[in-house]
Amino acid sequence: SRFARVLEGKGLGLSLKVFISGATGFVGCHLIDLLSSPEYEIYGTSFPGKPEEEDRYRGKNISYLDVRSEQEVFETIKRTQPDWIFHLAAISNVRHSWEQRRETLETNLMGTSHLFEGVRQFFPQARIIFVSSSDVYGILVPTDKALKEEDSFHVVNPYAFTKVSGEILSKFYAEIENLDIVIARSFPHTGPGQSADFVCSDWASQIARIEKGLAEPVIEVGNLNGKRDFTDVRDIVKAYALLMEKGRRG
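See below:
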């Protein structure tokens, strides 16, 4: 595959245009690192961020985009005309989704709708990865059986609602409008650069502050009775790239 050959350092001579929404976020920056090769011409978008983030991406094709603006999204699709689209832009913190319900709905659902419609109108041959979440399954009762893709949704927070809705929207555009959309239903992931709003990075941040003498040697935790599996974000972005090449539409 193209991606496997890039990992092996074997050039193909032809570059693909890759568009990453949310490119400077936790996952996006690792995806950019992974695809930084002459084989890929990368375009990314981001909300205005911290100065150090702007320095990190200086010289790259990163521009500011509010996915809630249909016009901005349409103009971006027309300008970049990407072969591959990784749609990562989202409000992904569950607590924030409760506190900012309207913004979460507008960003995660309407932003996705704007992207799909922009592709349909201006560059329908693009292939899209829509990133969903294991949150669509809700709070599970422990069993001996592993989850399956066909298991029922159980929405328990606004973030999960937007991801279930995004999956339905993806299937509509894939089946009715004939767009090439692959759904990636990711489970929790962690790694370098993750916000302290998430559990692993929060604990790591607390430990670092304790080791520097900036805090008392006490780690504040939430509910420890839950069970989660975590994947390294660097493996997650490899999976996204492989899904882009080999994933099944719809």
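Take 1 as the starting number for the sequence shown in the UniProt record's numbering and just add one per residue.
Each residue gets a CB set at the ideal place from its N, CA and C atoms; glycine is no exception.
Do you know how far the Cα of residue j is from the Cα of residue i?
i           : j    : result
V73         : N225 : 42 Å
P51         : N108 : Note that P51 scores a pLDDT of 49, beneath 50, so its modelled location is shaky; the value from the coordinates is reported in the next line. When rounded, the distance between both Cα atoms is 25 Å.
A184        : T80  : 23 Å
F123        : F86  : 15 Å
G111        : V156 : 21 Å
Y173        : V131 : 15 Å
I77         : G191 : 30 Å
A23         : G44  : 5 Å
N61         : E117 : 23 Å
G250        : S113 : 15 Å
Q125        : D83  : 7 Å
Y40         : S15  : 5 Å
R228        : Y240 : 21 Å
E75         : V237 : 26 Å
G246        : E220 : Rather than Gly, the amino acid found at residue 246 in this sequence is Lys. For K246 and E220, the distance between alpha carbons rounds to 42 Å.
residue 267 : D235 : Any question about residue 267 goes unanswered here, given that the chain covers just 1 to 250.
Y137        : L35  : 31 Å
I139        : Q121 : 38 Å
I20         : L243 : 15 Å
S69         : E103 : 12 Å
L105        : G166 : 10 Å
Quick one: measure Cβ to Cβ for residue i and residue j, integer angstroms, because I've assumed they're closer than 8 Å.
i    : j    : result
I128 : L179 : 7 Å
S133 : S97  : So it is not a contact: roughly 11 Å between Cβ atoms.
V27  : V233 : 6 Å
L31  : V67  : Actually they do not touch by this definition, with Cβ atoms about 17 Å apart.
Could you have a look at residue i and say whether DSSP puts it in helix, strand or coil?
i    : result
D151 : coil
F122 : helix
I62  : strand
S92  : coil
K145 : coil
Check the DSSP bridge columns for residue i and list the partner residues they point to.
i    : result
K17  : E41
S186 : S133
D180 : R127
F230 : DSSP lists no partner for F230.
H87  : S21, F130
S46  : Y64
Next item on the list: Report yes or no: do three or more beta-carbon pairs, one from the region 78-97 and one from the region 144-154, lie closer than 8 Å?
Entry: no
Item checked: Meets three-Cβ-pair contact criterion under 8 Å: the region 209-220 and the region 156-174 -> no
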